[in-house]
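Undergrad: Below are the structure tokens for one structure; questions will follow.
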Amino acid sequence: MVQKTDELGIIGIFLEVLGQPNLGYLKIGDDVAHLPSGVVVKCDMLVGETDVPQGMTYREAARKAFASVVSDFAAKGVKPEAALISLGIPPTLTLEDIRELALGAKDAKEEFGFQFIGGDTNEARDLIIDCIMVGYAKHIVGRSGAKIGDVIAVTGDFGYTGAGIHILKRYGRSGSGFAERAISAVTNPRPPLALGLALAEKGLMSSSIDSSDGLALSLYTLAESNSSKIVIYDTPAAPGLTEFCEEQGLNPEELVFYSGEEYEIVFTTPKEDLDEVQRLAKSYGRCVRVIGEVKEGRPVVEYIRSGKKKILEKRGWIHLIRSDRTKIEPESATEAD
59 MVQKTDELGI IGIFLEVLGQ PNLGYLKIGD DVAHLPSGVV VKCDMLVGET
109 DVPQGMTYRE AARKAFASVV SDFAAKGVKP EAALISLGIP PTLTLEDIRE
159 LALGAKDAKE EFGFQFIGGD TNEARDLIID CIMVGYAKHI VGRSGAKIGD
209 VIAVTGDFGY TGAGIHILKR YGRSGSGFAE RAISAVTNPR PPLALGLALA
259 EKGLMSSSID SSDGLALSLY TLAESNSSKI VIYDTPAAPG LTEFCEEQGL
309 NPEELVFYSG EEYEIVFTTP KEDLDEVQRL AKSYGRCVRV IGEVKEGRPV
359 VEYIRSGKKK ILEKRGWIHL IRSDRTKIEP ESATEAD
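Start counting the sequence shown at 59; every next residue gets the next number (our numbering).
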């Protein structure tokens, strides 16, 4: 009988067999790898079936493959210097399709300022773009480092991507206003690289994580990394999300906390630094939203709405389980202690 697991289980098996790297290396489990020399490395894989929704072009898919790695660099406050890709090319792709992939890589290169230095190609049953990026930093912003009383902040709105995928599946690439913004969040994500670099340079993030696995799962990771409770009292819902969900019969909290693929930074910062954080974000044309606080307590994420408390489910965007947005723990949301 074949035993199945998800990507977290697979990572656990490799850690069990190989162990953590030697002292001086960042332990496996953060957004990037950090070597004693200061070299920062990250790889991420885009697969057509799971990462390229209906309506996304090959050019957009290639750019997204790079943007997903840039998002991790942004969360750690590191500038990506160079990139390589390994391509798995299905036989159905034409030379024009390949050119579109190359143009998407060029878009990312020009937008994020890295050098493209090579890669590898092979035939595959589905489109695969495995992107590796390299940078340098003496120090990075880790997932631990938050203190009791620090606020929880995010660099953008949430819920657009879940709404965008819903729109693409049901209606295709059509619509204006909210629909247009939601589709763009899926096909053309904009990780806040410049803001992440500036926040890190000024020491304004005590801990941080990329949000692409979903807001709830990112918050849980920070809670566990800091051995603290996180209390959320403001939902960073995208403008127009509530009305869209009412029209479509969807739950806005589901899209905000569990959709994933937002490519924003979730971070903690001392309350006394908030004014500087907001000024800096405004100077880069971004919006930082304060959504909660780090509290003493067991590492859970408590959500307060209309005076009622509940514990958010610990689930997010996890590959290798067919739902893809897999609950990690079997318990459902319960009333908070």
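Don't be surprised by glycine CBs; every beta carbon is placed ideally from N, CA and C.
Which runs of the beta strand (DSSP E), 3 residues or longer, sit entirely within the region 278 to 347?
TA: 287 to 290 and 323 to 327
Undergrad: Exposed or buried, N180, counting other C-beta atoms within 10 Å across all chains shown (16 or more means buried)?
TA: Numbered from 1 along the sequence shown, position 122 holds the residue referred to as residue 180. Answer is exposed; the Cβ neighbour count stays below 16.
Undergrad: Would you identify the three-state DSSP class for R121, choosing helix, strand or coil?
TA: Indexing the sequence shown from 1 puts residue 121 at position 63. Three-state DSSP puts R121 in a helix.
Undergrad: Sorted by chain position, which residues of the same chain lie with C-beta nearer than 6 Å to P328's C-beta, five sequence neighbours on each side aside?
TA: Numbered from 1 along the sequence shown, position 270 holds the residue referred to as residue 328. Around P328: D208.
Undergrad: Distance check for D130 and V90, CA to CA, integer angstroms please.
TA: The residue given as residue 90 occupies position 32 in the sequence shown. The residue given as residue 130 occupies position 72 in the sequence shown. Taking the straight line joining both Cα atoms gives about 7 Å.
Undergrad: May I ask you to list the residues that DSSP assigns as paired with K367?
TA: Here residue 367 corresponds to residue number 309 of the sequence shown, with the count starting at 1. In the DSSP output, where bridge partners are listed per residue, K367 has I362.
Undergrad: Can you tell me which of P250, K367 and K353 puts its alpha carbon nearest to the alpha carbon of Y342?
TA: The sequence position of residue 342 within the sequence shown is 284, counting from 1. Distances from the CA of Y342 to each of P250, K367 and K353 were compared; the closest alpha carbon is that of P250.
Undergrad: Report the partner residues of S144 according to the DSSP bridge assignment.
TA: Against the sequence shown, residue 144 aligns to sequence position 86. S144 is bridged to D178 and D188.
Undergrad: Please state whether DSSP places P357 in a helix, a strand or coil.
TA: For the purposes of this step, residue 357 is taken as the residue at position 299 of the sequence shown. Reduced to three states, the DSSP call for P357 is coil.
Undergrad: Apart from the five residues on each side of it in sequence, which residues of its chain come closer than 6 Å, Cβ to Cβ, to L338?
TA: Here residue 338 corresponds to residue number 280 of the sequence shown, with the count starting at 1. So the list reads A256, once near-sequence residues are dropped.
Undergrad: Among G177, D178, T115 and K137, which one has its Cα closest to the Cα of L151?
TA: If you number the sequence shown from 1, residue 151 lands on position 93. When each option's Cα is compared against that of L151, the closest is T115.
Undergrad: R363 to R248, Cα distance in whole Å?
TA: Start at 1 with the first residue of the sequence shown, and residue 363 comes out as number 305. Start at 1 with the first residue of the sequence shown, and residue 248 comes out as number 190. Distance between the alpha carbons of R363 and R248 is about 29 Å.
Undergrad: If E139 and Q112 are in contact, beta carbons under 8 Å, what's the gap, nearest whole angstrom?
TA: Counting from 1 along the sequence shown, the entry for residue 139 is found at position 81. Counting from 1 along the sequence shown, the entry for residue 112 is found at position 54. Incorrect: roughly 34 Å between the Cβ atoms, too far for contact.
Undergrad: Pull up the distance between the alpha-carbon of F302 and that of V75, whole angstroms please.
TA: Counting from one through the sequence shown, the residue named residue 302 turns up at place 244. Counting from one through the sequence shown, the residue named residue 75 turns up at place 17. When rounded, the distance between both Cα atoms is 47 Å.
Undergrad: Do the region 63 to 80 and the region 155 to 166 meet, that is, are 3 or more Cβ pairs less than 8 Å apart?
TA: no
Undergrad: Considering just the uninterrupted stretch of the alpha helix (DSSP H) at S265, what are its terminal residues?
TA: Taking the sequence shown and counting its residues from 1, the one referred to as residue 265 is at position 207. Unbroken run through S265 is the beta strand (DSSP E), S265 to D268; no alpha helix (DSSP H).
Undergrad: With a floor of 4 residues, list each alpha helix (DSSP H) that falls wholly inside the region 208 to 282, ordered by position along the chain.
TA: 218 to 229, 236 to 245 and 251 to 259
Undergrad: Which residue comes first and which comes last in the alpha helix (DSSP H) that contains V105?
TA: Locating residue 105 in the sequence shown gives position 47, counting from the first residue. Careful: V105 lies outside any alpha helix (DSSP H), inside the beta strand (DSSP E) at V97 to V105.
Undergrad: Using DSSP with H/G/I as helix, E/B as strand and the rest coil, what is Y83?
TA: Along the sequence shown, read from residue 1 onward, the residue named residue 83 stands at position 25. Coil.
Undergrad: Using a Cβ-Cβ cut-off of 6 Å (strictly less than) and excluding sequence neighbours within five positions of D155, which residues of its own chain qualify?
TA: Reading the sequence shown from its first residue, position 97 is the one you call residue 155. So the qualifying residues of the chain are Y116.
Undergrad: Taking DSSP as the reference, what is the three-state secondary structure of R201?
TA: In the sequence shown, residue 201 corresponds to position 143, counting from 1. Three-state DSSP puts R201 in coil, outside helix and strand.
Undergrad: Quick check: the Cα distance between Y218 and R231, rounded to an integer number of angstroms?
TA: As a first step, residue 218 is located in the sequence shown; it is residue number 160 there, counting from the start. As a first step, residue 231 is located in the sequence shown; it is residue number 173 there, counting from the start. Separation of Y218 and R231 (C-alpha to C-alpha, rounded to the nearest whole angstrom) is 14 Å.
Undergrad: Tell me whether the beta-carbon of I241 lies closer than 7 Å to the beta-carbon of I223.
TA: One-based indexing of the sequence shown puts residue 241 at position 183. One-based indexing of the sequence shown puts residue 223 at position 165. It is not a contact, given that the beta carbons lie outside the stated cut-off.
Undergrad: Label K137 either buried or exposed according to how many other C-beta atoms from any shown protein chain fall within 10 Å of its C-beta, with 16 as the threshold for buried.
TA: Position 79 of the sequence shown, counting from 1, holds the residue named residue 137. Residue environment for K137: buried (at least 16 other C-beta atoms within 10 angstroms of its C-beta).
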